[in-house]
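J.: So the sequence lines, in the order shown, correspond to chains A and B.
Using my numbering, the first residue of the first sequence is number 3, and each one after it goes up by one.
Using my numbering, the first residue of the second sequence is number 710, and each one after it goes up by one.
Idealized CB from N, CA, C, for every residue including glycine.
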Amino acid sequence: MAEERLDTAYRVETPEAIDLEARLAGPVPRALAYAIDLALRILIWISCLIVLVWAGDPGIGLLLLIVFLLEWIYPVAFEYWADGQTPGKRLFGIAVVGEDLHPLTFGSAVLRNLLRAADFMPFGHAIGLVAMTSNRGFQRLGDLAAGTLVIHRPLPAGQVPETAAALPDAPPSPPPFPVTLDERLAIVALAQRHASLSKERQRELADLLRGPLHAEGDVALARLHGIAHWLLGER
Amino acid sequence: MKQLEFEARHAGSWAALEATVASFDARAAGGERLPEQYRALCHQLAVARQRGYSPDLLERLNALVLRLHRHVYRHRSRRESILLRFALLDFPRGVREQTRFVAAAAALFLLPAIGFGLGCHWNDDLIYGLMDADRVREMERMYDGASRAIGLRRESDTDAFMFAFYIRHNIGIAFQTFATGILVAVGPALALVYNGAVLGAVAGHLTAIGSGDTFWPFVIGHGAFELTAIVLCGAAGLRLGFAWLLPGTRSRRAALRRAGGSCLVIVYGATAMLVVAAFLEAFWSSKESLGSMPRIVAGAAAWVVVLGYFVLGGRSRVASRAEPTNGA
């Protein structure tokens, strides 16, 4: 399908023999998440600086250790212990997972973040960006070596609307022609999205079925809504 | 079965699972029936897809499966013996598995070191080709046997500071050396050659001007750990770069992932060695009061131990009995 070439959907077949689907996160949300993390790290560094600058040489030493931890350990620790999310990634609802959509192992968290030093070169993650745009999974070099992906976390339960509630009122009626799976999907989706699509666009789409429905515009649309009810199982 | 009937039949179990997942996210324990429920859910998703049920239902089920998948397949490692196992088996074996790259990295480091060492010993001007005059003067002052600058300036406060400095500086550079290896191995090669050349030049120059008595006791102790670790990180970087350059019969992606796993072992070990080195460099090597001879003897012993560890470590019978658990 052409959709698969353009889409950011990523599919993995699990041992339960189903295709699991996740949405890949592109360079923009990842860069923004990185910026948030960077700001947070600088903030932590400055607050430590203010406290420790009074403590003389041992204080500066401690500060150097903190810089080291912020530079190299901060992303690893969050990605491993906080479910693949640094604070920045959490803010943007994205997370690092393994290529099979399993949670990250410690080793892959370390490797992908060590290799950030290479992705960062020569400045501003330029190499990483080139790598990301040249493979299907938006993976930078570190992701490729560690076998990791960055995906959008699905919305928590409850934020996805219920099926029947989303349909406009219409008496269920059987379709006047045999319906294929794709057509079924299209008709139900059209009815479910009645609130978010403009009326004109909906009429236009309904007009595509002018022939078999023997109707146009609002009439055709109302008939399609009825057919959607029927297809979902109402009688 | 029509979609609404299907939804009505399973709505209860989906709501229950969604509640369970929500409680997982708050780190609660998982139920014993979870795998069974998870498989049932997977089946329902497959059925729903096959029958062309509406996209929002598929999305809801897919999201639920995705979240459960994360918990059902969570990777749990046995924590207890991992560190010991790593130190006794995995690290020395991991290094020996990469003998060719370790040898190449050692050559890239040692040949310039020896070359510049001898060169700077014989020719007083050669060192200025590598370092600018200010740095040379600074270094000569530091290791000047007469003023004993290191011993005088370094108090114990400063030792702690130096420890932190060596950790941040040396480990950061080692990580960088490794990571840039993925860019066709150029990074580690340059880093090894440069560091080797500078070390050799400094050693040769200081020995020639008569500061060898201060210099050698200082570097020999932590050098066993630090120089070895630098070579190992370089070797890991080379390995990574060559996985990319010459993937052999694998795809580049697969070769890179394989190399990544074996390199990690080396990087972990090298990092631990650099921590040891930083500790020695801060608290031991600079102790002029201990005298030269004890530090040289201890330093030589450290070299024997480190090299012996990599040659012999992880070879015993006990070791091979513990083997089958973990390959990567």
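1) Among the residues of its own chain, which have a CB less than 7 Å from the CB of valine 902 (chain B), if the five just before and after it don't count?
2) In the structure shown, what three-state DSSP assignment does arginine 736 (chain B) receive?
3) Give the interface partners of glutamate 23 (chain A) over in chain B, defined as CB-CB distance under 7 Å, in chain order.
4) Give, in chain order, every residue of the segment 32-48 of chain A whose Cβ lies closer than 7 Å to some Cβ of chain D.
5) Just curious, the beta strand (DSSP E) that valine 14 (chain A) is in, first and last residue?
6) Less than 8 Å between the CB atoms is what I'm expecting for glycine 149 (chain A) and glycine 100 (chain A), so what's the real figure, rounded?
7) What are the partner residues of threonine 88 (chain A), as DSSP defines its beta bridges?
8) Quick one: using the 10 Å Cβ neighbour count with 16 as the cut-off for buried, is glutamine 759 (chain B) buried or exposed?
9) Just how far apart, CA to CA, sit aspartate 917 (chain B) and glycine 905 (chain B)?
10) Can you find a CB in chain A that lies within less than 7 Å of the CB of serine 722 (chain B)?
11) May I ask you to check if the CB of leucine 773 (chain B) is nearer than 6 Å to at least one heavy atom of the ligand ADP?
12) Please report how far the alpha carbon of leucine 798 (chain B) lies from the alpha carbon of phenylalanine 108 (chain A), in whole angstroms.
13) Taking its Cβ as the centre, do 16 or more other Cβ atoms sit within 10 Å of lysine 91 (chain A), making it buried, or is it exposed?
14) If I follow the unbroken beta strand (DSSP E) through glutamate 847 (chain B), where does it start and stop?
15) According to the neighbour-count rule (16 or more other Cβ atoms, all chains shown, within 10 Å of its Cβ), is tryptophan 953 (chain B) buried or exposed?
16) Could you spell out where the alpha helix (DSSP H) holding aspartate 171 (chain A) opens and where it closes?
17) Kindly indicate if chain A contains any beta-carbon less than 7 Å away from that of alanine 869 (chain B).
18) If arginine 174 (chain A) sits next to tryptophan 232 (chain A), beta carbons under 8 Å apart, how far is it from one beta carbon to the other, in whole angstroms?
19) I need the DSSP call for leucine 941 (chain B), collapsed to helix, strand or coil.
20) If we ignore side chains and look at the alpha-carbon of each, how far apart do arginine 132 (chain A) and proline 801 (chain B) end up?
21) So, with DSSP's three-state summary, where would you put alanine 41 (chain A)?
22) Here's the rule: buried if 16 or more other CB atoms are within 10 angstroms of the residue's CB, otherwise exposed. What is aspartate 121 (chain A)?
23) When the Cα atoms are used, what is the spatial distance from tyrosine 837 (chain B) to serine 920 (chain B)?
24) Can you name the start and end residues of the alpha helix (DSSP H) that threonine 886 (chain B) belongs to?
25) Please state whether DSSP places aspartate 833 (chain B) in a helix, a strand or coil.
26) By Cβ distance below 7 Å, which residues in the same chain neighbour arginine 205 (chain A) in space, the five residues on each side in sequence not counted?
27) Under three-state DSSP, which class holds isoleucine 96 (chain A)?
28) Are the C-beta atoms of glycine 957 (chain B) and some chain A residue less than 7 Å apart?
29) Are there 16 or more other CB atoms within 10 angstroms of the CB of histidine 227 (chain A), so buried, or fewer, so exposed?
30) Check arginine 195 (chain A) in the structure and name its three-state DSSP category.
31) Select from B:Val984, B:Val1013, B:Gly943 and B:Val928 the residue whose C-alpha is nearest the C-alpha of serine 1001 (chain B).
32) DSSP three-state call for arginine 114 (chain A): helix, strand or coil?
33) Any C-beta of chain A sitting closer than 7 Å to the C-beta of alanine 981 (chain B)?
34) Mind listing the chain A neighbours of phenylalanine 800 (chain B)? Cutoff is C-beta to C-beta under 8 Å, in chain order.
35) So is arginine 225 (chain A) buried or exposed if we call it buried at 16+ other beta carbons inside 10 Å?
36) Would you say leucine 234 (chain A) faces chain B, with C-beta separation under 7 Å as the test?
T.: Per the coordinate set shown:
1) Take valine 902 (chain B), set aside five residues on each side of it, and the residues of its chain with a beta-carbon closer than 7 Å to its own are Leu817 and Pro821, in chain order.
2) Reliability of the predicted coordinates at arginine 736 (chain B) is poor, the pLDDT of 46 falling under 50, and the value obtained from them is presented with this limitation in mind. It is coil, neither helix nor strand.
3) Ordered by position in chain B, the residues that pass the 7 Å Cβ test against glutamate 23 (chain A) are Asn771.
4) Checking the listed chains, one finds no chain D in this structure; the protein chains it contains are A and B.
5) It spans 11-15 - the beta strand (DSSP E) in which valine 14 (chain A) sits, taken as one unbroken run.
6) Sure, about 6 Å apart at Cβ, within 8 Å.
7) Paired residue(s): none; threonine 88 (chain A) is not in a bridge.
8) By the beta-carbon neighbour count (other beta carbons within 10 angstroms, threshold 16), glutamine 759 (chain B) is exposed.
9) Residue identity differs from the one stated: residue 917 (chain B) is alanine in this sequence, not aspartate. Taken atom to atom, the span from the alpha-carbon of alanine 917 (chain B) to that of glycine 905 (chain B) is near 18 Å.
10) Not one chain A Cβ lies under 7 Å of serine 722 (chain B).
11) This structure lacks the ligand ADP, and indeed carries no ligand of any kind.
12) Roughly 19 Å separates the two Cα atoms.
13) Classification for lysine 91 (chain A): buried.
14) First-last for glutamate 847 (chain B): 842-851, but that is the alpha helix (DSSP H), not the beta strand (DSSP E).
15) It counts as buried.
16) No alpha helix (DSSP H) holds aspartate 171 (chain A); DSSP gives it neither H nor E.
17) Alanine 869 (chain B) counts as touching chain A.
18) Per the sequence presented here, residue 174 (chain A) reads as proline, with arginine not at that position. Rounded, the Cβ-Cβ distance is 4 Å, consistent with contact.
19) Leucine 941 (chain B) sits in a helix when the DSSP states are folded into three classes.
20) Rather than arginine, the amino acid found at residue 132 (chain A) in this sequence is valine. Approximately 36 Å between the Cα atoms of the pair.
21) In this structure, alanine 41 (chain A) counts as helix in the three-state DSSP scheme.
22) Flag for aspartate 121 (chain A) reads buried.
23) Rounded to the nearest angstrom, the two C-alpha atoms are 18 Å apart.
24) Unbroken alpha helix (DSSP H) run through threonine 886 (chain B): 881-888.
25) Reduced to three states, the DSSP call for aspartate 833 (chain B) is coil.
26) So the qualifying residues of the chain are Gly219, Asp220 and Leu223.
27) Annotated three-state conformation of isoleucine 96 (chain A) is strand, per DSSP.
28) Glycine 957 (chain B) does not count as touching chain A.
29) Counting Cβ neighbours within 10 Å, histidine 227 (chain A) comes out buried, since at least 16 surround it.
30) Collapsing the DSSP output to three states places arginine 195 (chain A) in coil.
31) Selected option, being the one with the closest Cα: B:Val928.
32) In the structure shown, arginine 114 (chain A) sits in a helix (DSSP, three-state: H, G or I).
33) Not an interface residue.
34) Within 8 Å Cβ-Cβ: nothing; phenylalanine 800 (chain B) doesn't reach chain A, min ~14 Å.
35) Arginine 225 (chain A) should be labelled buried.
36) It does; some Cβ of chain B falls within 7 Å.
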